[in-house]
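2 protein chains.
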Amino acid sequence: MGERKIRNMEEFASVSGISRPTVSKYFNDPSSVRASTRARIEAAIEQYDYRPNIYAINQNRQLTKNIGIVVPYLADPFFGEIARVIEQRCIEAGFSPSLFSSHGEAEQERDILDTLRSLKPAGVLLAPLGRTSDKSVIEAFCRDVPTVLFDSNIEGMGEAFVGSDNYSFVSQTVEYLSRTGEPPCFFEMKHPANPNANKRRRAYLDMMERLGLEPLVLQIEGTGWEFEEIGRKGGHDILSRKAMRTNTILCSNDRLAIGLLSACYEAGYKVGRDAGHDLRVASHDDHPFSRYTCPSLTTAAHDYANVSGHAVDTLFHLIESGGRFSTRDETLFSARLIMRDSA
Amino acid sequence: MGERKIRNMEEFASVSGISRPTVSKYFNDPSSVRASTRARIEAAIEQYDYRPNIYAINQNRQLTKNIGIVVPYLADPFFGEIARVIEQRCIEAGFSPSLFSSHGEAEQERDILDTLRSLKPAGVLLAPLGRTSDKSVIEAFCRDVPTVLFDSNIEGMGEAFVGSDNYSFVSQTVEYLSRTGEPPCFFEMKHPANPNANKRRRAYLDMMERLGLEPLVLQIEGTGWEFEEIGRKGGHDILSRKAMRTNTILCSNDRLAIGLLSACYEAGYKVGRDAGHDLRVASHDDHPFSRYTCPSLTTAAHDYANVSGHAVDTLFHLIESGGRFSTRDETLFSARLIMRDSA
DNA sequence: AATTATTTTTTACGCGCGTAAAGAATTTGC
DNA sequence: GCAAATTCTTTACGCGCGTAAAAAATAATT
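Just so you know, the protein sequences line up as chains A and B, in that order.
By the working numbering, the letter at position 115 of the first sequence is numbered 115, and the numbering carries on one by one without gaps.
Count along the second sequence from 1, add 1000, and you get the number used in the working numbering.
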C-alpha cells in the first residue's frame, strides 16, 4: 500500500492492468470473471485499497443492494438483539443493512419510510409500531418497496409476515399456571401499543374458557412505550385495590412484568412459586433481562433465532422473486415455556 | 397528486415552471431562492411528490450530508436512548443519520468504519468498543473522516471526546456510601471491555485513600458484553467466598449490579439500606432499568441529555470548521447521585 | 493445429445531478 | 424612473459508474 490514491475505476483499471468494464463486472460479481483476472484485480485492491463509489454505482440502479431494517423501539434490548441477527445475515448475503428505529413515534416511522424509499432498497424488514402506525403510509410504502413485516402484524400489508404465535405463548403459560397453582388473571395495558397484545388477551380468554376457569382481565392505564413504568404504576394500583381474584398474575409481556415485580417488591408482596410467597407472576417474551429480575421471571420465550432467520430468508426469497409474492403468507413460530422462580 | 411520475429534476423543473439549476439551488438551500420561486417549487413538490435522487446528489460530493453514529452494543438500552437523542438532533439540523452497532465485536466495528468511509459522511459520532477496539483501524479512520468520540475515550483519537466524568460518578457514590454506612468494596470485571471501568477503579482507590479507608477491589472473571450474567456469576462467587470486608458493594456499572442483585436474591441476601437488610449495593450509569430492580438501584446517573447534546454540537462545530480542530478537547459531564432503595 | 467457446478490450453512451459562465429578467434603492 | 443589485435562465460540462456492441484475445475442445 501507500501508492498514490486511486480516484476512480478508470484509474484502478489501468493500474491493475485490466479494462474498466471487466473491473466493473468483477465488482458486480467476482465469480463472473476468469480466476486469473480475479486474482490480478484482487491483488490490485489489496495494494491500492480501492473501492467503487457507492453513489455512482447506485445512481443508475432502480434497485440497490441495500436492505432496510425498521424496529419500533430500540431502547428495548429485544429489538437490539433482533437487529444484530438480521444485520449479520444481510451482510453475509452481500447486502448492506440500514437500521432504523421509530423510537415509539408514528411520525418517526413515517419519516423513516420516506427516507427508505429514497434509498431504493432491494427490500425492507419492517416491525411496525402497531396501533399507532399510520396504516395508509405503511400501505403506500409496501406498494412501492418489497417489504416483509415482522414481530407485529398489520393485516394485509407487506408481502409476508413472520412473527411469533401469540396463542402458543399464552396457552403454555396459562396451562402451566393453572396446573401448578391458582389460575391466573391477565395483566395488560388498556390501550396496548402492539397488536400482539390483543391476540394474547384473546388467547387468555380462550384458554381460560377451555379449562373451565373464570377469566379476569386487569387493564391498566398508560400509553407510550415505557412499559416498565406503566407496569409499575398499574401494579401498585391493582395491588392496593386487591383487584386480583387469585394469587397468580400473568402479564401480557415481560416489560410490564418487570414493572409489576418492582411494584410487588415496593408494596411488600413476595413473589415466587414456593410456599412462603404471596404471589406468582409470569409473562411472555423472554426479554433479555427477565433472567435477572428478582425473582427470575417465568415466561414464554420467542424463538428469536427462527423469527429473525426466517424473516430474512423470506425477504431474500422475495427479492429473488422480483419483489412480489402471489400470496401473502404469515409464518408464526411457537413459544417455549421458560420456568424460572417467579411462578 | 396522481399526476404522472416525475423521473428527474429536469422533468420536475419543467412542470414546476422553474429552470433546473434554480431547482437544484432550492434543494441545496431553500432559502437561497426568492420567496415566490420557493413557493412555486414547493407547490410542485406537493403536487408531484418529487424528491431528488440522493445517489446522484452525492456522487460528485466529496462530502455528503450523512452523519454516522456508531455505538458498541445496541442490546444495551442505554445506547438505544443515546441513539434516539442523537438521531433526532441530526435530522433537525438537516443531516441524515445512519446508525450502526458493533454488537460487541471488534471485527464488526472495523467493518462498520469501512462501510462508513464509503458513505463519505460529513462527520461521525463514534462510541468505540474500548479495550478490544483495533486502535490502528480507528486511528486511520479518524484521519480520513471528521470524528467525535463519545462515551468511551481512546487517547488522542478523533477530533474531540465527549463523555462523563468517571471521577464524579465514583466520588459521589463512595462519599455517600461511606457517610451513611460501612465503606464499600469495588465490584468489577477483571478485564473490563470499557476504559471507563479503569477510570472508575482508580477513582475508587483515590477516594478511599482520601477518606482514610482501606480499599478492596473484587475483580470477577468473564469477558464480552453480557455484563448481567458476568455480574451474576461473579456475585455468586464473592458471596459464597464472603470476599467482601463490609456490608457494602459498589459496582463499576449498573449492568453488573443487576447481575449481582440477582445473585444476592438467589443466595438469600437481602439488599437494601434500611435495618433488616444484609447488604447495600450501589452502582454507576443510571441504566434505564435500574429504577426497576428489586430493590431499586442506588446509582450515579449520566447526564444523558448533555452528553449526547454536546457530542452532536461538537460534531456540528467540527463540520463547520472543515473537519479539523486545532486542539482535541475532552468534555466531561458530571454525574448525579440517584438515591434509591438498594443503598 | 484448427475450430469453437469463453473472456476481455475497445469504444461509446447515458444516468441524475452539481455547477460554472454569460446573459436576461426581475427587484430594489434612491 | 433609472441604475444597481439580485435572481433566474440558458447552455454546457463533468462526476463515477453500468452497460451495450463489436472486435480482439485467450482458453477449451476435438
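Note that the Cβ used here is the ideal one computed from N, Cα and C, for glycine as well.
Terminal residues of the alpha helix (DSSP H) in which residue 1173(B) lies: 1166–1180
Which residues of chain B have a Cβ atom closer than 7 Å to the Cβ of residue 58(A), listed in chain order? 1055
My output table needs one value for residue 153(A): the three-state DSSP class, helix, strand or coil. coil
Assigned exposure category for residue 1286(B) - 16 Cβ within 10 Å defines buried: buried
What does the alpha-carbon distance come out to for the pair residue 264(A) and residue 1099(B)? 37 Å
Name, in chain order, the residues that DSSP records as bridge partners for residue 186(A). 217(A), 250(A)
Taking the alpha carbon of residue 1078(B) as the reference point, which residue from 1204(B), 1047(B), 1305(B) has its own alpha carbon closest? 1305(B)
Could you give the distance in angstroms between the alpha-carbon of residue 1058(B) and the alpha-carbon of residue 1066(B)? 10 Å
Own chain, CB closer than 6 Å to residue 250(A), minus 5 neighbours either side, in chain order: 173, 184, 186, 282
Just the C-alpha distance for residue 334(A) and residue 303(A), rounded to the nearest angstrom, thanks. 7 Å
Identify which residue in 236(A), 155(A), 95(A), 105(A) has its Cα closest to the Cα of residue 71(A). 105(A)
Chain-ordered residues of the region 1071–1088 of chain B with a beta carbon less than 9 Å from chain A: 1073, 1074, 1075, 1076, 1077, 1078, 1079, 1080, 1081, 1083, 1084, 1087, 1088
Exposed unless 16 or more other CB atoms sit within 10 angstroms - verdict on residue 1096(B): buried
Could you check whether the Cβ of residue 1340(B) sits closer than 8 Å to any Cβ belonging to chain A? no
Using only alpha-carbon positions, find the residue among 319(A), 337(A), 45(A) that is nearest to residue 94(A). 319(A)
With DSSP as the reference, label residue 321(A) as helix, strand or coil. coil
Could you name the residues of chain B that residue 289(A) contacts, counting a contact when the two beta carbons are closer than 8 Å? 1228, 1258, 1289
Using a beta-carbon distance below 8 Å, is residue 251(A) in contact with chain B? no
What residues from chain B crowd round residue 96(A), counting only those whose CB sits closer than 9 Å? 1115
Where residue 1215(B) and residue 1241(B) are concerned, what is the direct C-alpha to C-alpha distance, given to the nearest angstrom? 18 Å
Chain B beta carbons: is any one of them nearer than 8 Å to that of residue 297(A)? no
What are the start and end residues of each continuous alpha helix (DSSP H) run of 4 or more residues lying completely inside the region 286–337 of chain A, in chain order? 304–320
What is the DSSP secondary structure of residue 117(A), reduced to helix, strand or coil? helix
For residue 1213(B), collect the residues of the same chain with a Cβ closer than 8 Å to its Cβ; drop the 5 residues on either side in sequence, then sort them by chain order. 1178, 1183
Quick one: residues in its chain with C-beta nearer than 7 Å to the C-beta of residue 1277(B), no 5 flanking neighbours on either side, listed in chain order? 1270, 1271
Just list the alpha helix (DSSP H) runs in the region 69–97 of chain A, keeping only unbroken ones of 4 residues or longer that don't cross its boundaries, in chain order. 77–92
Using a Cβ-Cβ distance under 8 Å, would residue 1133(B) count as near chain A? no
Determine contact between the region 1163–1170 of chain B and the region 1191–1209 of chain B, defined as no fewer than three beta-carbon pairs at a distance below 8 Å. yes
Between residue 1326(B) and chain A, is the shortest Cβ-Cβ distance under 8 Å, so that the two count as touching? no
Just the chain A side, please: which residues come within less than 7 Å of residue 1292(B) by C-beta, in chain order? 228, 232, 258, 259, 262
In its own chain, which residues sit with a C-beta less than 7 Å from the C-beta of residue 1(A), not counting the 5 before and 5 after it? With a pLDDT of 48 at residue 1(A), under the threshold of 50, the predicted position of this residue should be treated as unreliable, though the coordinate-derived value follows. The answer, listed in chain order, is 47, 49.
For a contact defined as C-beta to C-beta under 7 Å, what are the partners of residue 1310(B) on chain A? Under the 7 Å cutoff, chain A gives no residues; its nearest Cβ is about 21 Å from residue 1310(B).
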